[in-house]
Amino acid sequence: MTSPITLITGASGGIGEDLAGHFAKDGKDLVLVARSAEKLEAIAESLRKKHKVSVHVFPLDLAARDAAARVTAALAEKGLHAEVLVNNAGYGAKGAFAELEADYQLGMIDLNIYALTALTRALVPGMIERGEGGVMNIASTAAFLPGPRMAVYYASKAYVLSFSRALQYELKDKGVSVTAVCPGPTATGFQDAARLTGARLVTLSPLMSSKRVARLAYKAFKRKQPVVVTGLMNRIQAASMAFTPARIKLGLVNFLQA
1 MTSPITLITG ASGGIGEDLA GHFAKDGKDL VLVARSAEKL EAIAESLRKK HKVSVHVFPL
61 DLAARDAAAR VTAALAEKGL HAEVLVNNAG YGAKGAFAEL EADYQLGMID LNIYALTALT
121 RALVPGMIER GEGGVMNIAS TAAFLPGPRM AVYYASKAYV LSFSRALQYE LKDKGVSVTA
181 VCPGPTATGF QDAARLTGAR LVTLSPLMSS KRVARLAYKA FKRKQPVVVT GLMNRIQAAS
241 MAFTPARIKL GLVNFLQA
């Protein structure tokens, strides 16, 4: 007999940390995954004290090809199973495709796409077998349009959204929900890491707090909503992309990334 947990990747800050707070408040035991053991343990200790839940930390580079296998082995060793999987880990970088470091962009694919897919494939069969569970994948409003100057990042988020929609359809009668979360620009450390500081996307767009994004994401997940775009303006912009010619979308994103 194993114990159910909610596994959250990219849980050392921002949206991942805030989502951990929502699940813990609901009494869910957690497994937090990210590279920084120190940050994870500090967050875990705070959640244990505040919400009286069990919180395990797995310091791990999810971009490693064996990461999903290591996570599943660690869960089995501790007698745990993933009732909920939150795929939040990811990164981006601004710059022309031919000029950005190749390894940096390939690492983005490894984390944003490969790790998310591998971990989902490792844990979803168990959810199906138990007849219950849920997956939350953090995509982005970037999923709705191509992204000059951030070509790989935008493409990776389009993958996350498309994958999530298809998976939700496959699992809808198996007791397993799938929610894709599409935040717009959010006040986290992402902008600095992605070299977006000073870009029009940041300076001209109101940044939503990670706490608000997490709150809206959690509500949508509890409702088993397949896709949620956080914020009214983001929803309007995302919906309008379906009717916007490609050349205009490309020009708009190129302008905003400058």
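Residue numbers for the sequence shown, in UniProt numbering: 1 to 258. All residues carry an ideal CB built from backbone N, CA and C; glycine is no exception. None of these values were measured; they are calculated from a predicted model.
V71 and S209 have their C-alpha atoms roughly 30 Å apart. In the three-state reduction of the DSSP assignment, A139 falls in the coil class.
Under the DSSP definition of a beta bridge, P4 partners with H81. T179 is a Cβ neighbour of K224, given a cutoff of 9 Å.
DSSP places T188 outside any beta strand (DSSP E), giving it a letter other than H or E. Going by C-alpha positions, A166 is about 36 Å away from A42.
Counting other Cβ atoms within 10 Å of its Cβ, F163 reaches 16 or more and is therefore classed as buried. Residue state for N87 is assigned as strand, using DSSP reduced to three classes. Close CB contacts of N137 within its chain, under the 6 Å cut and outside five residues either way in sequence, are with N87, V160, S164, A180 (chain order). Within the model, the alpha-carbon separation for L75 versus A122 is close to 11 Å. One alpha carbon belongs to G184, the other to L207, and they sit about 8 Å apart. For F144, same chain residues with a beta-carbon under 6 Å away, outside a window of 5 residues either side, are A238, M241 in chain order. Residue state for S54 is assigned as coil, using DSSP reduced to three classes. DSSP places A122 in the uninterrupted alpha helix (DSSP H) bounded by 116-130. Sequence-distant Cβ neighbours of F97 in its own chain, meaning closer than 6 Å and more than five residues away, are A151. For R235 and A220, the gap between their C-alpha atoms comes out near 14 Å. Nearest Cα to K172 within the set T186, A158, P226: P226. Exclusion of the five residues before and after A246 leaves P146 as the residues of its chain whose Cβ lies within less than 8 Å of its Cβ. Taking the C-beta atoms as reference points, T141 is found no nearer than 9 Å to A82. The alpha carbon of T186 has as its nearest neighbour, out of G27, I15, L111, the alpha carbon of I15.
In terms of CA proximity to V53, D26 leads the group A217, Y154, D26. Secondary structure of G231 (DSSP, three-state): coil. Under the criterion of beta carbons closer than 8 Å, A214 and D18 qualify as touching, at roughly 3 Å.
In summary, A73 is exposed, with fewer than 16 beta-carbon neighbours lying within 10 Å of its beta-carbon over all protein chains present. Annotation for Y153: G92 place their beta carbon closer than 6 Å to its own, counting only its chain and skipping 5 residues before and after. Beyond the five residues adjoining it in sequence on each side, A63 comes within less than 8 Å, by CB distance, of G107, D110, L111, Y114, A115 in the same chain, given in chain order.
With fewer than 16 other CB atoms across the displayed protein chains lying within 10 angstroms of its CB, S3 is exposed.
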